[in-house]
Amino acid sequence: MDRDIVTPSDLFELSQTTFSLGTARSMAMAGAFTSLGADLTSMAINPAGLGMYRHNEISITPLMSFARAENNAPAFNSNSKNRFSIGNFGFTANVYEGSGPLVSVNIGFGYNRLQDLNYQYSYYTQGNVSSIADVFSDMLQYSGINRDQITGGFNWSNFNPRLWGSILGYKAGFTDQIGSRWQPTWIGNNVDIGNYTTVVSNGSIGEYDISAGFNLNNKFYIGATFGIQSLYQRKTYYYGEDYVYPGNGTDPNLDYQLLYSNFNQEVILDGAGVNFKLGMIYRPIQNLRIGFAFHTPTYYWIDRTYQAYTDSGVHVNNPNDPDGLKPGPDGNQYTDALSPVLEDTGGYNWEFTTPARLMFGISYAFGNRGLISVDYERDWYNGIRIKDNPSGLDSQSWYNDSFRDNCKGSNIVRVGAEFKPLPVLSLRAGFGYSGSMVRDDEFPPASPVIKQTTYYGAGVGFVLSRGVLLDLAYQYVSSKLSDYYLFYAEDKVGYTESALYSTDINRHNVALTLGFRF
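FYI, in the working numbering the residues of the sequence shown are 2 to 519.
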């Protein structure tokens, strides 16, 4: 619930790509294109595949995504999010044809959507005994903040942004200082607490590729891509609690009694990154292809803004109203508070590198009737590194140690097949599996991260006329997230924590590619 800083889990999420998007042909075959080539997605997977073109091509792929979430708690709000986007567009030009060892040269430019960050999940639980007010109380207590420092007007910049949520909590009555002790004085001991959570994410990561591919003796194909990535994510966290007391619903021991409270936060990430890809494909015999590709880490520059908001409803039980809240006719006082906007931009932005990636692939064509392709990919998530951050250089080692200790290399397998019952008709299918990137699957991090993904694809391709292609693909992607707490704190007395939650996100993607060869 504390999103004032970019966490290792956030960088982990932004680093995950499985190349499950692209052209409809690639999507239908689960992206198993390390050795296949002759597809515009090759620029983002193995640029050596560009060297297999013997003509010019241009195509565009509109994409519809339907994300559905499943939680281990009942739904509170919508658990679905739909999105229309462009999965791929690009062109390649055959700029050289020769009769010597260098048979041909192709250059290409394209866009591939690497990651879909559009999803929404929500849930609620009742009968809880812990409250985020307990965590806010501990934060204020152990930070040595006195009530008079944050009452009335004050300079927010005098306080670390990690305390802004707890300060807003005080403003909305979550906690108060009695003597020298911060505690949730407006919540009774025998209360039944309901937790309500909604997380909404909007955005994507896409890559613009500038590529070149070379054909040597129709045996060796080599290629290189310079990739420029664009990242945008707007993430909103809605968290609420309500408080139910036995009997008539009031606690006469409380002068003021919280009826409900909300703590909402919004984070916007906007950035760009660069990387380089090298690839090779070897064709020892006509029908067999062996591919290899290496992707350097992507170096990212991320601007970030953050703002938090609280509101609450308070019932005044004491007719003397000692704190002077001035309740309305219903006996309730309604309060809200808003933090300033925290901006990590310009020279104070976040810089980090994603994992390096290594890919191997082998494919075999059965004449002109079909083919099968198998890919293996290794991604080193323990190699994610912070390069600069607004928190100061001292925290970089903590981040990098977190990646070394909690992440590991991930293994990804992709299998794709294509069958042509007719020269103008292609039937395709694919399967992919991405293993865990987390060392200890049982250890719940501060926020959920995708630790395992399975995806299935199917599609059909048509040759509409000479040089005009139409491909259709459907893809099902199931991602399992790590278990997580909404809030967690430890003090001398013991632990304050929410229930442990789990979330799975399933996506249904439908893509249509229209291509022209000339």
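By construction, the Cβ of each residue, glycine as well, lies at the ideal position given by its N, Cα and C atoms.
Handout entry: Status (buried if at least 16 other CB within 10 Å, exposed otherwise) for residue 157
Key = As a working mapping, residue 157 is identified with position 156 in the sequence shown. Looking at its Cβ environment, which holds fewer than 16 other Cβ atoms inside 10 Å, residue 157 is exposed.
Practice task
Taking all protein chains shown into account, decide if residue 327 is buried (16 or more other Cβ within 10 angstroms of its Cβ) or exposed.
Solution key: For the purposes of this step, residue 327 is taken as the residue at position 326 of the sequence shown. The residue in question, residue 327, is exposed, as its Cβ has fewer than 16 Cβ neighbours within 10 Å.
Handout entry: Simplified DSSP state of residue 349, which is helix, strand or coil
Key = Stepping through the sequence shown from its first residue, residue 349 is reached at position 348. Reduced to three states, the DSSP call for residue 349 is helix.
Handout entry: Local Cβ density within 10 Å of residue 296, reported as buried at 16 or more and exposed below that
Key = As a working mapping, residue 296 is identified with position 295 in the sequence shown. The residue is buried, with at least 16 neighbouring Cβ atoms inside 10 Å.
Handout entry: Cross-strand partners of residue 516 (DSSP beta bridge)
Key = As a working mapping, residue 516 is identified with position 515 in the sequence shown. Per DSSP, 60 and 470.
Handout entry: residue 172 in three-state terms, based on DSSP
Key = Along the sequence shown, read from residue 1 onward, the residue named residue 172 stands at position 171. DSSP places residue 172 in helix when its eight states are reduced to three.
Practice task
Note the first and the last residue of the continuous beta strand (DSSP E) segment covering residue 92.
Solution key: Locating residue 92 in the sequence shown gives position 91, counting from the first residue. Unbroken beta strand (DSSP E) run through residue 92: 81 to 98.
Problem - Inter-stretch contact (C-beta, 8 Å, three-pair minimum) for the stretch 282 to 291 and the stretch 242 to 254 - result: no
Practice task
Tell me whether the beta-carbon of residue 356 lies closer than 8 Å to the beta-carbon of residue 384.
Solution key: On the sequence shown, position 355 is the one that residue 356 refers to. On the sequence shown, position 383 is the one that residue 384 refers to. Yes; because the gap between Cβ atoms is below 8 Å, this pair is in contact.
Problem - Environment of residue 96 [buried if 16+ CB atoms lie within 10 Å] - result: To locate residue 96, count along the sequence shown from 1; it is residue 95. Exposed, by the Cβ-count rule.
Practice task
Following the continuous alpha helix (DSSP H) through residue 43, name the residue where it begins and the one where it ends.
Solution key: Residue mapping note: residue 43 aligns to position 42 of the sequence shown, counting from 1. Note, residue 43: alpha helix (DSSP H), 43 to 46.
Problem - Buried versus exposed, by CB contacts within 10 Å (16 or more), residue 402 - result: Here residue 402 is taken as the residue at index 401 of the sequence shown, counted from 1. Result: exposed.
Exercise for the section: Report buried or exposed for residue 56, applying the criterion of at least 16 other Cβ atoms within 10 angstroms of its Cβ. Expected result: Here residue 56 refers to the residue found at position 55 of the sequence shown. Exposed: under 16 other Cβ atoms inside 10 Å.
Exercise for the section: Please determine, among 141, 89, 495 and 437, the residue with the shortest C-alpha to C-alpha distance to residue 27. Expected result: As a first step, residue 27 is located in the sequence shown; it is residue number 26 there, counting from the start. The residue with the shortest Cα to Cα distance from residue 27 is 89.
Practice task
Let me know the alpha helix (DSSP H) ranges lying completely inside the stretch 251 to 305, each 4 residues or longer, listed in chain order.
Solution key: none
Exercise for the section: Quickly, what does DSSP pair residue 65 with across the bridge? List them, please. Expected result: Residue 65 sits at position 64 when you count from the first residue of the sequence shown. BP columns for residue 65 point to 85 and 511.
Handout entry: CA nearest to the CA of residue 80, picked from 366, 199 and 171
Key = As a position in the sequence shown, residue 80 is number 79, starting the count at 1. Looking at the Cα atoms, 199 is the closest of the given residues.
Problem - residue 391 to residue 349 span [Cα, whole Å] - result: By one-based count along the sequence shown, residue 391 stands at place 390. By one-based count along the sequence shown, residue 349 stands at place 348. Their backbone Cα atoms lie some 5 Å apart in a straight line.
Exercise for the section: Using beta-carbon positions only, say whether residue 163 and residue 11 come within less than 8 Å of one another. Expected result: Numbered from 1 along the sequence shown, position 162 holds the residue referred to as residue 163. Numbered from 1 along the sequence shown, position 10 holds the residue referred to as residue 11. Result no, Cβ atoms of residue 163 and residue 11 do not sit closer than 8 Å.
Exercise for the section: Please confirm if residue 330 has its CB atom under 8 Å from at least one CB of chain D. Expected result: Within the model displayed, chain D is absent; a lone protein chain is all it includes.
Problem - Distance between residue 351 and residue 319 (C-alpha atoms, nearest Å) - result: By one-based count along the sequence shown, residue 319 stands at place 318. By one-based count along the sequence shown, residue 351 stands at place 350. Roughly 49 Å between the two C-alpha positions.
Exercise for the section: Please go through the same chain and pick out, in chain order, the residues whose beta-carbon is closer than 6 Å to the beta-carbon of residue 267, but skip the five residues on each side of it. Expected result: Numbered from its first residue, the sequence shown carries residue 267 at position 266. Closer than 6 Å at Cβ, skipping near neighbours: 237 and 308.
Exercise for the section: Compare the C-alpha of residue 281 against each of 310, 249 and 225 and name the closest. Expected result: The sequence position of residue 281 within the sequence shown is 280, counting from 1. It is 225.
Exercise for the section: Return yes when the Cβ of residue 41 is within less than 8 Å of the Cβ of residue 58, no when it is not. Expected result: Numbered from 1 along the sequence shown, position 57 holds the residue referred to as residue 58. Numbered from 1 along the sequence shown, position 40 holds the residue referred to as residue 41. Yes, these two residues count as a Cβ contact at 8 Å.
Handout entry: Residue from 441, 210 and 463 whose Cα sits closest to the Cα of residue 453
Key = For the purposes of this step, residue 453 is taken as residue 452 along the sequence shown, with counting starting at 1. Out of 441, 210 and 463, 441 has the C-alpha closest to the C-alpha of residue 453.
Exercise for the section: Evaluate contact between the stretch 217 to 231 and the stretch 243 to 258, counting only Cβ atoms and requiring at least three cross-stretch pairs below 8 Å. Expected result: no
Exercise for the section: Determine the closest residue to residue 208 out of 172, 113 and 486, with distance taken between C-alpha atoms. Expected result: Position 207 of the sequence shown holds residue 208. Comparing Cα-Cα distances from residue 208 to each of 172, 113 and 486, the minimum goes to 113.
Practice task
Just grab the DSSP bridge partners of residue 451 for me.
Solution key: Mapped onto the sequence shown, residue 451 falls at position 450. Looking at the DSSP assignment, residue 451 forms a beta bridge with 482.
Handout entry: Exposure label - residue 340; buried when at least 16 CB within 10 Å
Key = As a first step, residue 340 must be located in the sequence shown, where it is residue number 339. By the 10 Å Cβ count, residue 340 comes out buried.
Problem - Cβ contact check for the stretch 91 to 105 and the stretch 126 to 144: 3 or more pairs under 8 Å - result: no
Practice task
Please look up how many angstroms separate the CB atoms of residue 1 and residue 506, rounded, as I've assumed it's under 8 Å.
Solution key: What is shown of the chain runs 2 to 519, which leaves residue 1 out entirely.
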